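In UniProt numbering, the protein residues as written are 1 to 504.
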């Protein structure tokens, strides 16, 4: 994003437009710059053909406008990384890189005007355990510095200037929640087994190496998703092989010999990497992202693979490719893994003997070809956040179409069931690392379908483990056929509630 802003600032035609307008109309630099940038924002919006492009590129231009005006008007911009006291962050919009810059000890909560319930920054915020409310539309117009506020992330409520009674009410709710989590602490040292003896794993989603310190106390049975791109984002230079190796090794050593699934570099869309400039695309969420970027930049990919393979000597590593659409591209990436393994072996560098190589299933084409893909992949991890987006042609970060983003829709359930069945037919295990794995109504369905691993934010590990331990999976089997035949999410919820009421 910074590189994009520098390019705009140095663009001679843009500078010429500003200079010409100032000389012709005797306007101020700040006013003229605002007019020209707003003009380009409107052009972007009209030509985008959808919200994805506007959010990913327009956001960079909006940020440039904010920074340029601050410079011209000699105003200091707030820097989230320099927050020096505990506070609630109120913003029009945030990006995943904004979230990782925040000090987790100082952020009491986050509220934004925009954003869908599956937006990338919201997913990251939940994994960082920040109470978050999005899509408020106008919170920035009403919130002021030093204003007291209550953020109810569970119910999506924001209370500005709460009354003493409201403060007391939420303090009691917070105390009850803390007590509940303490009670769940006994599960940390027990296996995740349903009431009728079915074994599952509940692993953690991790974005930053520093989170590895929390794994031992979270009750997580390994890492079901490590978002390796956050080793790259917000860095001045690309992390070299040794830097990556040390990060992966630290994570493997922190999991007490549980499996660690590392997703290879997943950029594109709303996650742009300054050191890997991607060409402007009309639909970046349908363009060069995920595994496609890695295959387009083989040097970058091979460096990451070498670091991962070296780290595999220190634990149970599973390498996962994101945004796999075809068997061919999976096999191409798999061959590169084999080539780097052979090179390391020839160099006398140890490589683990039992690492796995799998695919993230988040594109409908991968679901349709899951039977063939399962012949080559060691495992699947279903990324429901993006899968739902692509199934319904819904921008996951756009609050205007949030009602169409439906985790419990029968179409989603059918896609998940098909993926699980195809993997199991080849003797492969399946995980699920989207928000769906934390939804209380979805957990019984996923367990009955035979999902092997639930991968959830650290804060959700114990609640999900607790729910699974109360389930009687055999009694839930009839539910699957009925849920797949349902016509709406409402029907699915009613079916689950009816069959699980005695298991709560």
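Idealized CB from N, CA, C, for every residue including glycine. Note that the structure is predicted; figures quoted are calculated from it, not measured.
> Alpha carbon to alpha carbon, how far is residue 228 from residue 21?
Replying inline: Working through the chain shown from its first residue, we reach residue 228 at position 228. Working through the chain shown from its first residue, we reach residue 21 at position 21. Those two C-alpha atoms are separated by around 46 Å.
> What residues in its chain sit with their C-beta under 7 Å from that of residue 490, if we drop five residues either side in the sequence?
Replying inline: Your numbering for residue 490 matches position 490 in the chain shown. Same-chain partners within the cutoff: there are none.
> Quick one: what's got a C-beta closer than 7 Å to residue 325's C-beta in the same chain, skipping five residues either side?
Replying inline: Translated into the one-based positions of the chain shown, residue 325 becomes position 325. Cβ within range, chain order: 363, 365 and 366.
> For residue 223 versus residue 465, is the C-beta spacing smaller than 8 Å?
Replying inline: As a position in the chain shown, residue 223 is number 223, starting the count at 1. As a position in the chain shown, residue 465 is number 465, starting the count at 1. The answer is no: Cβ separation not under 8 Å.
> To the nearest angstrom, how far is it from the Cα of residue 81 to the Cα of residue 125?
Replying inline: Taking the first residue of the chain shown as position 1, residue 81 is located at position 81. Taking the first residue of the chain shown as position 1, residue 125 is located at position 125. Distance between the alpha carbons of residue 81 and residue 125: 15 Å.
>> Just to confirm my understanding: we take residue 385, look at its own chain, exclude 5 residues before and 5 after, and list those with CB closer than 7 Å. What are they?
In response: Working through the chain shown from its first residue, we reach residue 385 at position 385. Around residue 385, the same chain offers 118, 123, 396, 434 and 435 as residues with beta carbons nearer than 7 Å, after the five sequence neighbours per side are excluded.
>> Whether or not the stretch 368-382 and the stretch 418-426 are in contact is what I'm after, with contact meaning three or more pairs of Cβ atoms, one per stretch, closer than 8 Å; do they touch?
In response: yes
> Roughly how many angstroms separate the alpha carbons of residue 267 and residue 335, rounded to a whole number?
Replying inline: Reading the chain shown from its first residue, position 267 is the one you call residue 267. Reading the chain shown from its first residue, position 335 is the one you call residue 335. Their backbone Cα atoms lie some 21 Å apart in a straight line.
> From residue 102 to residue 474, what distance separates their C-alpha atoms?
Replying inline: Working through the chain shown from its first residue, we reach residue 102 at position 102. Working through the chain shown from its first residue, we reach residue 474 at position 474. The straight-line gap from Cα to Cα measures roughly 44 Å.
> Does DSSP put residue 52 in a helix, a strand or coil?
Replying inline: Mapped onto the chain shown, residue 52 falls at position 52. Bear in mind that the predicted position of residue 52 carries a pLDDT of just 45, short of 50, making it unreliable; the figure below should be weighed with that in mind. Residue 52 falls in the helix class under three-state DSSP.
>> What residue range does the beta strand (DSSP E) around residue 316 cover?
In response: On the chain shown, position 316 is the one that residue 316 refers to. Here the beta strand (DSSP E) through residue 316 covers 316-321.
> Over what stretch of residues does the beta strand (DSSP E) that includes residue 205 continue unbroken?
Replying inline: As a working mapping, residue 205 is identified with position 205 in the chain shown. 199-206 is the span of the beta strand (DSSP E), which, as asked, contains residue 205.
>> Quick check on residue 1: buried or exposed, where buried means 16 or more other Cβ atoms within 10 Å of its Cβ?
In response: Working through the chain shown from its first residue, we reach residue 1 at position 1. Low confidence applies to residue 1: its pLDDT is 44, below 50, so where it sits in the model is not reliable enough to give any reading.
>> For residue 458, report the span of its alpha helix (DSSP H) as first-last.
In response: What you label residue 458 is simply residue 458 of the chain shown in a count that begins at 1. Per DSSP, residue 458 belongs to no alpha helix (DSSP H) and is neither H nor E.
> Secondary structure at residue 288, three-state DSSP: helix, strand or coil?
Replying inline: The count along the chain shown starts at 1 and reaches residue 288 at position 288. Coil.
> At least one CB of chain D closer than 8 Å to the CB of residue 455: is that the case?
Replying inline: Note that chain D does not occur in the displayed structure, where there is just one protein chain.
> Taking buried to mean at least 16 other C-beta atoms within 10 Å of its own C-beta, is residue 173 buried or exposed?
Replying inline: Here residue 173 is taken as the residue at index 173 of the chain shown, counted from 1. Residue 173 should be labelled exposed.
> Buried or exposed: which applies to residue 263, given that a residue is buried once 16 or more other Cβ atoms fall within 10 Å of its Cβ?
Replying inline: To locate residue 263, count along the chain shown from 1; it is residue 263. Buried, since its Cβ has 16 or more Cβ neighbours within 10 Å.
> Touch check for the stretch 300-307 and the stretch 339-356: three-plus C-beta pairs under 8 Å?
Replying inline: yes
>> Since residue 200 and residue 454 should fall inside the 8 Å C-beta cutoff, what is the C-beta to C-beta distance between them, to a whole number of angstroms?
In response: Locating residue 200 in the chain shown gives position 200, counting from the first residue. Locating residue 454 in the chain shown gives position 454, counting from the first residue. Going by Cβ atoms, the distance from residue 200 to residue 454 rounds to 7 Å, so yes, they are a contact pair.
>> Which runs of the alpha helix (DSSP H) at least 4 residues long sit entirely within the stretch 471-498? Give them in chain order.
In response: 473-484
> Of all the options 72, 105 and 500, which has the alpha carbon lying nearest to the alpha carbon of residue 471?
Replying inline: Translated into positions along the chain shown, residue 471 becomes position 471. Minimum Cα distance to residue 471 is reached at 500.
>> If you reduce the DSSP assignment to three classes, tell me which class residue 448 lands in.
In response: Counting from 1 along the chain shown, the entry for residue 448 is found at position 448. Of the three classes helix, strand and coil, the one that applies to residue 448 here is helix, per DSSP.
> DSSP state of residue 173, grouped into three classes?
Replying inline: If you number the chain shown from 1, residue 173 lands on position 173. Collapsing the DSSP output to three states places residue 173 in a helix.
>> According to DSSP, is residue 7 part of a helix, a strand, or is it coil?
In response: Within the chain shown, residue 7 is the residue found at index 7, counting from 1. Because residue 7 sits at a pLDDT of 49, beneath the cut-off of 50, its placement in the model cannot be relied upon, and the point is left open.
> Alpha carbon to alpha carbon, what distance is there between residue 218 and residue 253?
Replying inline: By one-based count along the chain shown, residue 253 stands at place 253. By one-based count along the chain shown, residue 218 stands at place 218. The alpha-carbon atoms of residue 253 and residue 218 are separated by roughly 15 Å.
> When DSSP builds the beta bridges, which residues end up paired with residue 228?
Replying inline: Stepping through the chain shown from its first residue, residue 228 is reached at position 228. DSSP output for residue 228 lists no bridge partner at all.
> Quick one: what's got a C-beta closer than 8 Å to residue 104's C-beta in the same chain, skipping five residues either side?
Replying inline: Position 104 of the chain shown, counted from the start, is the residue given in the question as residue 104. Taken in chain order, the residues that qualify are 128, 129 and 130.
>> Here's a check: name, in chain order, each residue in its chain whose Cβ is nearer than 8 Å to the Cβ of residue 294, leaving out the five neighbours to either side.
In response: If you number the chain shown from 1, residue 294 lands on position 294. Answer for residue 294: 264, 265, 300, 301, 304, 321 and 333, listed in chain order.
> Cβ of residue 351 within 8 Å of Cβ of residue 313?
Replying inline: Within the chain shown, the letter at position 351 stands for residue 351. Within the chain shown, the letter at position 313 stands for residue 313. Yes, these two residues count as a Cβ contact at 8 Å.
> What are the boundary residues of the alpha helix (DSSP H) that includes residue 157?
Replying inline: Position 157 of the chain shown, counted from the first residue, corresponds to residue 157. Taken as a continuous stretch (DSSP letters only), residue 157 belongs to no alpha helix (DSSP H), being part of the beta strand (DSSP E) at 157-160.
> Can you tell me whether DSSP reads residue 356 as helix, strand or coil?
Replying inline: If you number the chain shown from 1, residue 356 lands on position 356. DSSP places residue 356 in strand when its eight states are reduced to three.
>> Excluding the 5 residues flanking residue 23 on each side, which residues of the same chain have their C-beta closer than 8 Å to its C-beta?
In response: Position 23 of the chain shown, counted from the start, is the residue given in the question as residue 23. None.
>> Cutting at 7 Å between CB atoms, please list the residues of its own chain near residue 448, excluding the five before and the five after it.
In response: For the purposes of this step, residue 448 is identified with residue 448 of the chain shown, where counting begins at 1. Excluding sequence neighbours, residue 448 sits near 473, 476, 477, 479 and 480.
>> For residue 252, report the span of its alpha helix (DSSP H) as first-last.
In response: Translated into positions along the chain shown, residue 252 becomes position 252. Start and end: 241-253.
> Are there 16 or more other CB atoms within 10 angstroms of the CB of residue 147, so buried, or fewer, so exposed?
Replying inline: As a working note, residue 147 is residue 147 in the chain shown. Exposed, because fewer than 16 other Cβ atoms sit within 10 Å of the Cβ of residue 147.
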